[in-house]
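Structure first, commentary second.
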Amino acid sequence: MLENFASLLMGFQVVFDPQNIGACALGAILGLIVGAMPGLGSLAGVALLLPLTYKFNPTTAIIMLGALYYSNMYGGAFSAILLNIPGDSPAITTALDGYPMAKKGRPGQALMAANTASFIGGTIGILILTCTASGLAKLGLNFGYAEMTLVLLIAMTSISWLIGENPTKGVVITLLGILVASIGMDTLSGVPRYNFGSIYLMGGITFTPFIIGAVGFAQVIKLINEREADEEKRKSGTYEAVKLSIRGSMLTLHDFKRILPPVLRSSILGTFVGVLPGSGATTGSMVGYAMQKKFKSEEPMGTGAIEGIAASEAGNNSAAAGAFAPLLALGIPGSGTGAVLLGGLMMWGLNPGPLLFETNPDFCWSLISSLYIANVFTLAVAVLVIPFLIKILSVPIKYMIPIITCVCIVGAYSTSYSMYGVLVMFFSGIVGYLLDKNGFPTAPMLLAFVLAPMLEENMRKAFIASQGSLGIFTDSALKLVLLAIFLVLVLTPSVKALLRKTKHTEKTAV
Amino acid sequence: MEKARFNSRAVIPAVTAVVALVFIGVGLTDFGFWEGQPTAAFFPIIIAAVLLATSLLCLVQVLRGKEAPPVYNRNELMVILGGGGVIVGCWVVGLILSCLLYLFLWLKFVEHAAWKAILVIEVFMAALILGVFVLWMQVQFPMGLFAYLM
Amino acid sequence: MKKLLALALALTAVLSLTACGGSGSDIAEDGTFTPTKTVTWVCTSGAGGGSDIFTRKISDIMSAEGLVNGQTIVVSNETDGAGEVGRNKIATLKMNPDYNLLTFNSGDLMPMVTNTQNRSSNFRILAIMAVDKQLLFSCGSTAGKTDYAKAGGDLTDFGAAVEAAKNGTHIVVGGSKGDDIATYDALLEELGLTEEQMSYITYDSTGDAITAALGGNLDFVMSKPAAASQYVESGDLTPVLALSTEHFGGNLADAPTLSEIGDYADVEVPVWRGVAAPAAMSDAAVAFWTEALQKVSETEAWETEYLEPNQLISQYMNSADATAYVSAFEADYLAANGLS
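Chains as they are written, first to last, in this note's numbering: chain L, 8 to 517; chain A, 119 to 268; chain X, 61 to 400.
See the structure below:
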């Protein structure tokens, strides 16, 4: 471990070169922009920047891309908090509490909490990465299909906490999300299913346009009802301008005390989730958020609790750092973005794989140390832009409506360069709006949409390997522990409900 | 007329029940359920079966419940029509122009905004689309009918 | 109205940033084609994957070597409908057909002919640039979680595994989607095994499959040389079978072919990477592009920056040869899968 820190110092020496610092700063700024823009995720950002970096030496290039990838995770939270449009999928859970908190008149603190949580989460993730990169990656490998199935089942329980007052409606909507996600190419058998003869549906409902629509566009349709009230306030002079200063956005000591425990918990958990093959930052933020539901928060989660923002953002950023472990130690990309970075490594003439740490130590360690620098840079930039971001909130609603509509359309197009994405966005927007009108919560649908395909894939792979036997889920200590966690999570609420029912039988009778 | 008693809250569970039936039917005819190992339709069919049951339960709850039907107003429809208009416009004048045109029409005729505000917003959006999406990200937006003139 | 239209036109011209060099033909009097506009190159796989790298590398070399008259090539990753939408678009494109290219690999052709009515004859095939083959690997030493590994089977000996499969021990093979599945099918048929005896688990990418193999979840993993080479070097993977009619070179030379393992014929399903264009592309443009691609295949950069790092076999075929080759490949594939 000491050895690792010595190597890290060497890495820092490489990074502290004006050119590398410049690349790092540029990457951080670009990443924030890409992350905040709905429809453009880190994948698009890294992929499109890749050709530019061929002219650099590999170390400078990876520093820039690493910083871009990293700061993206900060940017996704901005549009989630301010506009209720998650910039990318890990930010879905951030929007759940971030947007209500901004509406409560504390947008600055919401952004600051997201930044702080991202920073601490990232730092912890990178620290763990520094100490145990290769060991961690090997641990991740031990998670086979059966273990991943159980981890995803645990993540799925987070949905039950979002369901709201009417459980039947929540279940209906969750299942609908799963079915919608099953449209398209079935990876395991390689055949299209439920495409109803359409070649567009063969690739499924594209995810990013789907969230932009179901959250963003649906939000705009609702927003119009607040237009008159907003106008009234502005005319009568009772309108309170939102505080624009950085100082006004500072977290109070009390806020900080509230976010610290969830941040620490989410960061450690998130790093490990990030290391698992194919899970990535989205699962990280969801697991973090789900866990926070188990702990106390001052305000109920989902109504603007600062703890919720913190848990989600810390989980997301630490998972992003954790995902570097399998990438560097074994040459295994944990996500789409990781795969692009891997492609970049090959283009620069490096051979990613288990030997990378041995053959190119300066490269690996400067990448890791650049993550520290990128983290600090991004925090600085992210804090400095808060006043400008908050200005968005002082734009009258009547102007916001057409602007957000346009952003939704442009963003949806850019995800797959096609009008199909725009149509998916439009119709899921209308569906999201109708669901909301009729008292159906939409968040469970989105989470189910992300997690269910991963769950199905792992479960079916487990069945293929075991030839249909259920024994594969119980044949090791690790699996039994995971199974126990899952059962506890599922059963506690029902047992609690049962206890409550026996106490107030007459009240709960329908 | 039944219209006075019609409650759109009942429509959604009814629709999801139909969706569930379709997924079960299509899944069974196309793939079957279990052939030594789970088929492509194994997981969706299970989910659809549960969805069917919960949808019916939900439908019963809604029909028995006394919740007032939700109110839809004209403004909400306007936003949807606006969005739909932009999309139709994409095939005619291209996506970028369609967006800018929609911004103008909306601000001028729906919101009756001042010229200055319209100009600022138009310039801002044009800069955003062209700067970030077109120049930097190299997204090629559809040109609509203009593509034929190129 | 006219004014408005003119204004709109002017605006679009500025907005689109695709300065077009006026009207008029791009085909000179002597029948040769020279590009005068931006070229769009559709890649139906996501950014960063094998097809994307292939596409961007060629377009980079074309620009660097000045093969496209100084015009820009824009790579467009159109992944809708698992790529079928993009392929269908190119096949039926009538507008500017001379300026649209498509990356077209065997891994694209197989799902296309299986799942849609689109056929290779709906395109102009411009060239084939390179060919790839697969091997089976195992990670012999790891504590396996599979039935075969638990039964104490020898993972480094594919022949023994085949015998075990015939005697009822379940063998699990993993690999990527598309062309790897076709190779698995061919292998299964040659060995006379059923899918129950030797199952195949499909992964989104070869990288994912190798991950699963390293974790002991697979008995064997199918991969092309490029993706597995590093793991062989580090000793994490052992090549156990060359899916080829001859041995590979370098650190893969030890892997026997199927005919050396038992009384079987060698199994080889070549994986090719090519370039296609709309059916409506003019003959002059086809001639131009096939020649430009040949020049790319002869460059130093192509050899050292693409073929070598990816351990591919250079095999340039011009439009006529490539068309014949792809048609034959498609016919074989259709026949083997009972399609028409």
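Cβ coordinates follow ideal geometry from the N, Cα and C atoms, glycine included.
#1: Check distances from the C-beta atoms of the region 399 to 425 of chain L to those of chain A and list, in chain order, the residues that come in under 7 Å.
#2: When the Cα atoms are used, what is the spatial distance from L:P268 to X:P369?
#3: List the residues that DSSP assigns as beta-bridge partners of L:D193.
#4: Is there a Cβ from chain A that is less than 9 Å from the Cβ of X:M155?
#5: Note down, in chain order, every chain C residue with its Cβ under 7 Å from the Cβ of L:K468.
#6: Looking at the C-beta of L:A472, does it have a partner C-beta in chain X at a distance below 9 Å?
#7: Let me know if L:I231 comes out buried or exposed under the rule of 16 or more other beta-carbons within 10 Å of its beta-carbon.
#8: Using a cut-off of 8 Å between C-beta atoms, extract the partners of L:G223 located in chain X.
#9: Any idea if L:L260 is buried or exposed, counting beta-carbon neighbours within 10 angstroms, 16 or more meaning buried?
#10: What span of residues does the alpha helix (DSSP H) with X:R116 cover, start to end?
#11: Assuming X:V327 and X:D239 form a contact by the criterion Cβ under 8 Å, report the distance between their Cβ atoms to the nearest whole angstrom.
#12: For L:A87, which option in L:P107, L:A459, L:M71 has the closest C-alpha, if you only look at C-alpha atoms?
#13: Tell me the DSSP bridge mates of X:N137?
#14: Please report the straight-line C-alpha distance between X:T216 and X:T262, rounded to a whole angstrom.
#15: Check whether the region 129 to 140 of chain A touches the region 187 to 196 of chain A, taking contact to mean three or more Cβ pairs, one atom from each stretch, closer than 8 Å.
#16: Name the chain X residues that come within less than 7 Å of A:A159, Cβ to Cβ?
#17: Give me the Cβ distance between A:L169 and L:L258, rounded to the nearest whole Å; I'm assuming they're in contact under 8 Å.
#18: Taking a Cβ distance cut-off of 9 Å, strictly less, list which residues of the region 209 to 243 of chain L are near chain X, in chain order.
#19: Just the Cα atoms here: how many angstroms apart are L:E314 and L:A84?
#20: Once DSSP output is grouped into helix, strand and coil, what is the label at X:L278?
#21: If we require 4 or more residues per run, which alpha helix (DSSP H) segments fall completely within the region 226 to 298 of chain X?
#22: Taking Cβ-Cβ distances below 8 Å as the criterion, which residues of the region 119 to 145 of chain X are in contact with chain A?
#23: When the cut-off is 9 Å and only beta carbons count, does A:F264 lie next to chain L?
#24: To which residues does DSSP link A:P156 through a beta bridge?
#25: Do X:M258 and X:F197 have their C-beta atoms within less than 9 Å of each other?
#26: Quick check on this structure: which residue in X:S374, X:E293, X:A151, X:I321 has the alpha carbon closest to the alpha carbon of L:E365?
#27: When the distance is taken between beta carbons, is A:G150 closer than 9 Å to L:Y201?
#28: Near X:I185, what residues of its chain come up, given a Cβ to Cβ distance below 6 Å and the 5 sequence neighbours on each side ignored?
#29: Count the other CB atoms within 10 Å of the CB of L:S501; is the residue buried (16 or more) or exposed (fewer)?
#30: According to the neighbour-count rule (16 or more other Cβ atoms, all chains shown, within 10 Å of its Cβ), is L:G478 buried or exposed?
#31: Starting from the beta carbon of L:L487, find every residue of chain X whose beta carbon is closer than 9 Å, and list them in chain order.
#32: By how many angstroms is the C-alpha of X:N148 removed from the C-alpha of L:P93?
#33: Could you tell me the alpha carbon to alpha carbon distance between L:L103 and L:N173, rounded to whole angstroms?
#34: Please classify L:R113: does DSSP put it in a helix, a strand, or coil?
#35: For L:G129, name the three-state secondary structure that DSSP assigns.
#36: Would you mind stating whether L:I437 and L:A225 have Cβ atoms separated by less than 9 Å?
Quick look at the numbers:
#1: K405, Y406, I408, P409, I410, T412, C413, I416, V417, Y420, S421, Y424
#2: 47 Å
#3: L:V198
#4: yes
#5: Of the protein chains in this structure, namely L, A and X, none is chain C.
#6: yes
#7: buried
#8: When 8 Å is used as the limit between beta carbons, L:G223 is near no residue of chain X, the shortest such separation being about 20 Å.
#9: By the 10 Å Cβ count, L:L260 comes out exposed.
#10: It spans 110 to 124 - the alpha helix (DSSP H) in which X:R116 sits, taken as one unbroken run.
#11: With a beta-carbon spacing of about 13 Å, X:V327 and X:D239 fall beyond the 8 Å limit used to define contacts.
#12: L:P107
#13: X:C103
#14: 22 Å
#15: Short answer: they don't touch.
#16: The premise fails here: A:A159 is roughly 16 Å from chain X at the closest Cβ pair, so nothing lies under 7 Å.
#17: About 43 Å separates the two Cβ atoms, so there is no contact after all.
#18: Correct list: M209, G210, G211, T213.
#19: 14 Å
#20: Per DSSP, reduced to three states, the secondary structure at X:L278 is coil, with no helix or strand assignment.
#21: Runs of the alpha helix (DSSP H) inside the region 226 to 298 of chain X: 239 to 251, 266 to 274, 285 to 293.
#22: Along the region 119 to 145 of chain X, the positions whose C-beta sits under 8 Å from a C-beta of chain A are V134, S136, read in chain order.
#23: no
#24: A:W152
#25: No.
#26: X:E293
#27: Cβ atoms of L:Y201 and A:G150: not closer than 9 Å.
#28: Non-local C-beta neighbours of X:I185 in its own chain, meaning closer than 6 Å and more than five positions away in sequence, comprise A336, A382, T383, V386, ordered along the chain.
#29: exposed
#30: exposed
#31: What L:L487 touches in chain X, judged by beta-carbon distance under 9 Å, is nothing: the nearest beta carbon there is about 15 Å away.
#32: Spanning the alpha carbons of L:P93 and X:N148 requires a straight line of approximately 32 Å.
#33: 18 Å
#34: coil
#35: helix
#36: For the pair L:I437 and L:A225, the CB atoms are nearer than the 9 Å cut-off.
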